[in-house]
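Asker:
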Amino acid sequence: MSRSTPLRDVHEALGATLTDFAGWLMPLRYGSESAEHNAVRQAAGLFDLSHMGEIFLTGPQAGEALDYALVGHLSALASGRARYTMIVNERGGVLDDLIVYRLGDEEFMVVANASNYEMVGDELKNRVKSYDVVVEDRSDQYSLIAVQGPRAQEILATLTDADLAGLKYYTGLPGLVDGRQALIARTGYTGEDGFELFVANQDAVPLWHALTAAGEPYDLKPAGLSSRDTLRLEAGMPLYGNELGATLTPFDAGLGRVVKFDKPGDFVGRSALEAVKDVPPRRRLVGLVARGRRVPRHGYPVTKDGAVVGEVTSGAPSQTLGRPIALAYVDTGVNEGLAVDIRGSQEPVDRVELPFYRRNK
Amino acid sequence: MSNIPEDLSYTKEHEWVAGLEDGLIVTIGITAFAAEALGDVVYVQLPEVGATIEPGDSIGEVESTKSVSEIYTPVGGEVVEINQSLVDDPSLANSDSYGDGWMFRVRVEGNAEDLLTAEEYAALTSGDS
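Protein sequence lines, in the order shown, are assigned to chains V and G. Quick note: the first sequence uses our numbering, first residue 1, plus one each step. Quick note: the second sequence uses our numbering, first residue 1001, plus one each step.
1) With a threshold of 8 Å between beta carbons, is V:S139 in contact with chain G?
2) Start and end of the alpha helix (DSSP H) containing G:T1125?
3) Any C-beta of chain G within less than 9 Å: which residues of the region 178–209 of chain V qualify?
4) Return the chain-ordered ranges of every beta strand (DSSP E) run that is complete within the region 195–273 of chain V and spans a minimum of 3 residues.
5) Looking at the structure shown, is G:A1018 part of a helix, part of a strand, or coil, going by DSSP?
6) Quick one: which chain G residues come within Cβ less than 9 Å of V:T314?
7) Determine whether the Cβ of V:T58 lies closer than 8 Å to any Cβ atom of chain G.
8) What is the DSSP secondary structure of V:E107, reduced to helix, strand or coil?
9) At which residues does the alpha helix (DSSP H) containing V:S143 begin and terminate?
10) Using beta-carbon positions only, say whether V:G224 and V:E33 come within less than 8 Å of one another.
11) Which residues bound the beta strand (DSSP E) around G:M1103?
12) Please state if the CB of V:A235 and the CB of V:Y357 are separated by a distance shorter than 8 Å.
13) Counting only beta-carbon atoms, is G:T1065 nearer than 8 Å to chain V?
14) In chain G, which residues lie less than 7 Å from V:T230 when you measure between Cβ atoms?
15) Decide if the region 1034–1054 of chain G is in contact with the region 1074–1091 of chain G; the criterion is three or more beta carbon pairs, one per stretch, under 8 Å apart.
16) Quick one: is V:V128 buried, meaning 16 or more other Cβ sit within 10 Å of its Cβ, or exposed?
17) Could you give the distance in angstroms between the alpha-carbon of G:S1129 and the alpha-carbon of V:T303?
18) Please give the ranges of any beta strand (DSSP E) in the region 1028–1112 of chain G, keeping only runs that are unbroken, at least 3 residues long and fully inside the region.
19) Which word fits V:F47, buried or exposed, when buried means at least 16 other C-beta atoms lie within 10 angstroms of its C-beta?
20) Quick one: what's got a C-beta closer than 8 Å to G:T1117's C-beta in the same chain, skipping five residues either side?
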């Protein structure tokens, strides 16, 4: 039995195709996922992300506790700022990728993936026992609604007096949206400008309706997880379970920059990651663009001259590029003459620099 | 509930077949139910004109954003025409599944697989959508 977000009835009334995602019944798409994708690139999209987890750390040593538990240097984060980071195991394997918001001197919010947040909450509690901090998983109390796209700021500005123009990328501040208390964060997973609004569950439905009405003149569309996946893929952003997993380190995924060895003290995974940080990984995460129209998909082999040299982790038709794109782990140093084995036929692909798509700022 | 025209025959693999009553050349496509389940169709691979096909053969594929499905032919014979407009614009499979989204035409030889009536196909798909 899947869990539902407070917005489930709203999604059904909109005619959404619902799908099980990490144990949650979530909107896959409302109509055409391509139209939803394009709306986010050209205007704005409205997402229900209430399946994500919110874990709070409160106390005088909250920053130091996170420095030990995660790979980032969170105690150095200024209040109101956010950081992309990871939790790894002792072997350096990625347990989840996270966004950490510093809400105050002694308060942090860790946002974890739906599939992982219970484990992340348990891990954090275990790891920070010796610190003066309280860890509380409040995922069941919070909903998350995202407005993403070039018109997002104009839309949100009609519902809040908060200084949106002054809110930089990867910052978050508390404010009133449509008269409801929210954490307004300038973060997202689409490659566009946009906001993520953390609100109490009982505010989710009225806020969704207020945003829908405010967005109408701006061509805001409700957007499902299908478009979210193609948007993040074009933006070259990893998805836990596809590009990230416990058998891979941040360095394998090309995200070694999130590991802050220069922070004070030990942290879980430090010695394992120090041992691999200067060793070229056997395979690296790369971007591929297909020459033909068939789509490389998760699990398909990457080949060169008929030999397997890698594996696709995510693939989809790209609306923006007009051709199929994929992320894949490919043997280090193998860059040319690549193909993807698409159900027995070797379809040529070109390796490209990531991201596939970068918005004009 | 998706649209299921009364005058067509259907397969359990969610194809429709038109023109079977004449027994000469039939037209085959995927149903609106299938198109809705797939989502936006982005690529269609069809058999070659002139190819000889057998009932039950996988003769092509339909790709959407999230998935790929094979197309099975319920009839055998010679492929006499494919819908090039659909190859050029696969979204026709979504927007006009029973019209401009048709896939291929076959000059029928031998017997077709057992096909479903519209009523039987409606029963097959009810509860799934």
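Note that beta-carbon positions come from the ideal geometry of N, C-alpha and C, so glycine has one too. Keep in mind it's a predicted model, so treat the numbers as computed, not measured.
Answerer: On the basis of the supplied data:
1) no
2) 1118–1125
3) none
4) 220–222
5) strand
6) It is worth fixing the name first, because residue 314 of chain V is Ser in this sequence and not Thr. Ordered by position in chain G, no residue passes the 9 Å Cβ test against V:S314, which lies about 11 Å from the chain.
7) no
8) strand
9) No alpha helix (DSSP H) contains V:S143, which is instead part of the beta strand (DSSP E) from 142–148.
10) yes
11) Premise fails: G:M1103 is in no beta strand (DSSP E) and is neither H nor E.
12) yes
13) yes
14) T1065
15) yes
16) buried
17) With a pLDDT of only 43 at G:S1129, under the threshold of 50, the placement of this residue in the model should not be trusted, and no figure is reported.
18) 1041–1045, 1058–1064, 1068–1072, 1077–1082, 1104–1108
19) buried
20) S1009, Y1010
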